[in-house]
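Enquirer: Chains as they are written, first to last, in the numbering used here: chain A, 1 to 415; chain B, 1 to 109. In this text, a Cβ means the ideal position worked out from N, Cα and C, and glycines have one as well.
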Amino acid sequence: MKRYSAFAIARQALSHHQGWERAWRSPQPKRKYDVIIVGAGGHGLATAYYLGKNFGITNVAVIEKGWLGGGNTGRNTTIIRSNYLQDPSAAIYEKARSLYETLSQELNYNIMFSPRGVIMLAQTQSEIRGYQRTAHANALQGVQTEWITPARVKELCPIMNIDGPRYPVLGGLWQARGGTARHDAVAWGYARACSDMGMDIIQQCEVTGVRREGAKVVGVETTKGAIDCDKLGMVVAGHAGVLADMAGFKLPVESIALQALVSEPIKPCMDVVVMANTVHGYLSQSDKGEMVIGGGTDGFNNYTQRGSFHHIEETVRALVETFPMLSRLKMLRQWGGIVDMTGDRSAIISKTPVEGVFVNCGWGTGGFKAIPGSGWAMAELIAKGAPGPLAEAFTMERFKRGQFIDESVAAGVAH
Amino acid sequence: MITLHCPYCGVDADETELTPGGEAHLKRFGPGSSDEDFEGYLFARQNPKGVHFERWRHAYGCGKWFLAARCTMTLEVFGTYSAQTTEPPKKIKDAISAKRPGWTWGAFS
Numbered sequence: 001m002k003r004y005s006a007f008a009i010a011r012q013a014l015s016h017h018q019g020w021e022r023a024w025r026s027p028q029p030k031r032k033y034d035v036i037i038v039g040a041g042g043h044g045l046a047t048a049y050y051l052g053k054n055f056g057i058t059n060v061a062v063i064e065k066g067w068l069g070g071g072n073t074g075r076n077t078t079i080i081r082s083n084y085l086q087d088p089s090a091a092i093y094e095k096a097r098s099l100y101e102t103l104s105q106e107l108n109y110n111i112m113f114s115p116r117g118v119i120m121l122a123q124t125q126s127e128i129r130g131y132q133r134t135a136h137a138n139a140l141q142g143v144q145t146e147w148i149t150p151a152r153v154k155e156l157c158p159i160m161n162i163d164g165p166r167y168p169v170l171g172g173l174w175q176a177r178g179g180t181a182r183h184d185a186v187a188w189g190y191a192r193a194c195s196d197m198g199m200d201i202i203q204q205c206e207v208t209g210v211r212r213e214g215a216k217v218v219g220v221e222t223t224k225g226a227i228d229c230d231k232l233g234m235v236v237a238g239h240a241g242v243l244a245d246m247a248g249f250k251l252p253v254e255s256i257a258l259q260a261l262v263s264e265p266i267k268p269c270m271d272v273v274v275m276a277n278t279v280h281g282y283l284s285q286s287d288k289g290e291m292v293i294g295g296g297t298d299g300f301n302n303y304t305q306r307g308s309f310h311h312i313e314e315t316v317r318a319l320v321e322t323f324p325m326l327s328r329l330k331m332l333r334q335w336g337g338i339v340d341m342t343g344d345r346s347a348i349i350s351k352t353p354v355e356g357v358f359v360n361c362g363w364g365t366g367g368f369k370a371i372p373g374s375g376w377a378m379a380e381l382i383a384k385g386a387p388g389p390l391a392e393a394f395t396m397e398r399f400k401r402g403q404f405i406d407e408s409v410a411a412g413v414a415h
Numbered sequence: 001m002i003t004l005h006c007p008y009c010g011v012d013a014d015e016t017e018l019t020p021g022g023e024a025h026l027k028r029f030g031p032g033s034s035d036e037d038f039e040g041y042l043f044a045r046q047n048p049k050g051v052h053f054e055r056w057r058h059a060y061g062c063g064k065w066f067l068a069a070r071c072t073m074t075l076e077v078f079g080t081y082s083a084q085t086t087e088p089p090k091k092i093k094d095a096i097s098a099k100r101p102g103w104t105w106g107a108f109s
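(1) List the endpoints of the continuous beta strand (DSSP E) containing E36(B).
(2) List the residues of chain C that P88(B) touches, going by C-beta distances under 9 Å, in chain order.
(3) Taking only beta-carbon atoms, is K27(B) less than 9 Å away from chain A?
(4) Can V262(A) and I293(A) be called in contact, C-beta distance under 9 Å?
(5) Can you list the residues of chain B that F300(A) reaches, using a CB-CB cut of under 7 Å?
(6) Would the stretch 122 to 130 of chain A count as touching the stretch 167 to 174 of chain A if we require 3 or more Cβ pairs under 8 Å?
(7) Using a Cβ-Cβ cut-off of 8 Å (strictly less than) and excluding sequence neighbours within five positions of M160(A), which residues of its own chain qualify?
(8) I'd like to know whether the C-beta of S346(A) is nearer than 9 Å to at least one C-beta of chain B.
(9) Within 10 Å of its beta-carbon, does R166(A) have 16 or more other beta-carbons around it, so buried, or fewer, so exposed?
(10) Taking C-beta to C-beta, are D344(A) and G241(A) nearer than 9 Å?
(11) Output, in chain order, the set of chain A residues within a Cβ distance shorter than 8 Å of D35(B).
(12) Would DSSP call S5(A) helix, strand or coil?
(13) Is it true that the CB of A83(B) sits closer than 9 Å to the CB of W105(B)?
(14) Who are the Cβ neighbours of T3(B) in its own chain at under 8 Å, not counting the five residues just before and after it?
(15) Does the stretch 191 to 199 of chain A touch the stretch 49 to 62 of chain A, meaning 3 or more C-beta pairs lie closer than 8 Å?
(16) Taking 9 Å as the cut-off, decide whether the C-beta atoms of L380(A) and G388(A) are in contact.
(17) To the nearest angstrom, report how far apart F7(A) and G281(A) are at their CA atoms.
(18) Under the three-state reduction of DSSP, which class applies to M246(A): helix, strand or coil?
(19) Give me the residue from F43(B), H58(B), M1(B), K93(B) with the minimum Cα distance to P20(B).
(20) In the DSSP assignment, the beta strand (DSSP E) including V262(A) goes from what residue to what residue?
(21) What does E254(A) reach in chain B if we use C-beta pairs closer than 7 Å?
(22) The beta strand (DSSP E) spanning T208(A) covers which residue range?
(23) Would you call the stretch 217 to 224 of chain A in contact with the stretch 348 to 359 of chain A, where contact means no fewer than 3 C-beta pairs closer than 8 Å?
(24) Within the 9 Å Cβ cut-off, does T342(A) reach chain B?
(25) Put Y50(A) into one of helix, strand or coil per three-state DSSP.
(26) Residues bridged to V357(A) by DSSP?
(27) Residues bridged to E146(A) by DSSP?
(28) Going by beta carbon distance, what residues of the same chain come within less than 7 Å of E254(A), once the five residues before and after it are set aside?
(29) For R70(B), does the count of other Cβ atoms within 10 angstroms reach 16, so buried, or fall short, so exposed?
(30) Report yes or no: do three or more beta-carbon pairs, one from the stretch 227 to 236 of chain A and one from the stretch 300 to 315 of chain A, lie closer than 8 Å?
(31) Quick check on K216(A): does DSSP put it in helix, strand or coil?
(32) So, is E6(B) buried or exposed, given that buried needs 16 or more other C-beta atoms within 10 angstroms?
(33) T74(B): buried (16+ other C-beta within 10 angstroms of its C-beta) or exposed?
(34) Residues of chain A with CB under 7 Å from E39(B), in chain order?
(35) Where does the unbroken alpha helix (DSSP H) through V316(A) begin, and where does it stop?
(36) Buried or exposed: D87(A), going by 16 or more other Cβ atoms within 10 Å of its Cβ?
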């Protein structure tokens with residue numbers, strides 16, 4: 001792999017930039033791999049990357065039915081934060097956030113991590129209590145957050161109307177080192193690093209069946225033929241249930257469309273990320289100048305990658321009170337992704353009833369921010385066959401035991 | 001936007017008039033049941049990519065719960081029916097079979 005650097009650009013300029021190589025290879029699948037990861041999104045590629053980097057396992061294939069990073073990795077609102085209430089969530093999201101800090105340097109690929117700060121607005125009395133509690137919990141967990149006053153919120157984000165009337169801003173939970181990153185670049189950077197370690201990224205290759213011998217996995221059937229493996233990692237978000245069906249077990253997951261939209265590009269007016277959970281919308285400004293807006297999920301199962309139109313109206317209507325200037329903006333485009341929601345709204349990183357099959361799913365509406373931490377924990381689980389400290393609490397056994405990671409209550413709705 | 005026919009009041013209701021209520025035909029297990037059954041009742045869901053049966057409530061209409069057969073991939077609605085049943089009526093099953101031959105869902109096909 002040729003390293004990217006200012007010198008490389010200068011050197012390439014001499015040959016009219018004809019000498020750049022492809023960022024990753026697109027090989028045909030081999031007959032057998034030690035580990036197959038299904039799903040070349042952020043989580044799948046990060047899993048493969050840390051398998052190679054932390055455990056030296058490089059005979060790995062990452063199989064993707066569409067194109068790399070074309071699922072939820074390319075469909076989110078790119079927010080990174082770790083201000084969670086429960087210890088297991090705070091641990092894994094903070095691991096992810098701290099890895100994001102140096103990911104560009106580590107991958108030699110600019111993921112444009114921008115720790116611009118994230119405010120979660122408190123607009124009701126219960127949110128004040130909730131976020132103050134989270135701030136205290138974060139202090140104990142080593143996650144740097146603080147409770148800030150309405151005046152400070154206004155200072156950080158002047159375009160905001162903090163006076164209501166319906167939902168005045170009463171304060172906020174501020175995470176100064178939260179922010180955003182370029183979502184595609186996260187997938188591309190991991191893919192390039194994986195390919196460099198000799199892993200095969202096989203796109204346009206849909207898994208159509210999981211082959212077992214007794215209770216053990218031996219390979220997968222794909223649209224490019226059968227591929228053998230010793231271990232199989234399923235990292236496919238919304239389609240986790242479909243894949244689990246092929247392997248012969250059930251997941252406590254439901255697939256729902258979540259959508260986001262962007263406005264026309266405007267001049268820089270907002271240099272923080274704001275989440276308003278009571279009115280249910282979140283907002284940041286992209287480097288291109290578009291206001292990136294996310295809202296709520298549909299209430300019913302679907303796989304359409306579209307979402308219901310009236311949710312856009314609800315989201316924008318809710319945000320306009322807090323951000324009056326939004327009312328003058330044209331919305332440019334809208335898209336949806338299929339999120340996999342578990343019963344407690346927390347992820348599953350777990351062994352499964354099938355020997356050699358590991359599953360990483362259930363990130364629901366909050367997957368992008370977790371990518372490096374999730375990959376780190378999943379790689380450890382696959383390599384050792386047992387969960388490490390980050391993944392332990394995220395076992396799917398927790399639903400049987402009633403040991404939930406109860407973030408759906410802790411984090412309100414936005415996740 | 002999904003439009004569902006309310007089998008009680010006969011209105012073709014828009015999605016905004018309705019509240020989705022999750023999977024239909026769940027078999028309920030109470031405190032005396034085994035851990036597996038109780039976990040299954042609370043958390044295991046069909047989550048199919050294709051034919052699905054759901055509960056909906058005509059919240060801004062007659063207020064009643066009813067059941068719907070719908071495709072989660074295309075949002076096509078095969079029909080709605082009364083919630084006072086443990087199995088989809090034959091008419092609904094036939095309507096699905098006409099569009100999706102060979103469908104299965106839990107114990108139904």
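Expert: Reading off the structure:
(1) Counting along the chain, E36(B) sits inside no beta strand (DSSP E); it lies in the alpha helix (DSSP H) bounded by residues 35 to 42.
(2) Chain labels in this structure do not include chain C; the protein chains are A and B.
(3) Output row for K27(B): interface = no.
(4) By the CB criterion at 9 Å, V262(A) and I293(A) fall inside the cutoff.
(5) Correct list: P20, E54.
(6) When Cβ pairs closer than 8 Å are counted between the two stretches, the stretch 122 to 130 of chain A is seen to touch the stretch 167 to 174 of chain A, the count reaching three or more.
(7) Closer than 8 Å at the Cβ level, and outside the excluded window around M160(A), lie V153, K154, V169, V274, T322, F323.
(8) No, S346(A) lies away from the interface with chain B (no Cβ there is under 9 Å from its Cβ).
(9) Answer is exposed; the Cβ neighbour count stays below 16.
(10) Taking a C-beta distance under 9 Å as the contact criterion, D344(A) and G241(A) do not qualify as a contact pair.
(11) The contacting residues are K400.
(12) S5(A): coil per DSSP, three-state reduction.
(13) In this structure, A83(B) does not lie closer than 9 Å to W105(B) by Cβ.
(14) Taken in chain order, the residues that qualify are D12, A13, D14, E15, V77.
(15) The stretch 49 to 62 of chain A vs the stretch 191 to 199 of chain A: in contact.
(16) For clarity, residue 380(A) is Glu in the given sequence; the question names Leu instead. Yes, Cβ-Cβ distance for E380(A) and G388(A) is below 9 Å.
(17) One C-alpha to the other measures close to 43 Å.
(18) Residue state, collapsed to three classes: helix.
(19) Each of F43(B), H58(B), M1(B), K93(B) was checked against the Cα of P20(B), and the nearest Cα belongs to H58(B).
(20) Per DSSP, V262(A) is one residue of the beta strand (DSSP E) stretching across 253 to 265.
(21) Chain B residues near E254(A): R45, N47.
(22) Unbroken beta strand (DSSP E) run through T208(A): 207 to 213.
(23) Contact between the stretch 217 to 224 of chain A and the stretch 348 to 359 of chain A is present, because at least three Cβ pairs lie under 8 Å.
(24) Under the Cβ criterion of 9 Å, T342(A) is counted among the residues facing chain B.
(25) If DSSP states are grouped into helix, strand and coil, Y50(A) belongs with the helices.
(26) Paired residue(s): L232(A).
(27) Answer is W174(A), bridged to E146(A).
(28) Counting only Cβ-Cβ distances below 7 Å, and skipping sequence neighbours, we find N301, M341.
(29) Buried is the call here.
(30) These segments do not touch.
(31) For K216(A), the three-state secondary structure derived from DSSP is strand.
(32) Reading the sequence as shown, one finds Cys at residue 6(B) and not Glu. The residue is buried, with at least 16 neighbouring Cβ atoms inside 10 Å.
(33) That one is exposed.
(34) Those are F399, K400, listed as they occur along chain A.
(35) The continuous alpha helix (DSSP H) containing V316(A) extends over residues 309 to 322.
(36) Counting the other CB atoms within 10 Å of its CB gives D87(A) a total below 16, which places it among the exposed residues.
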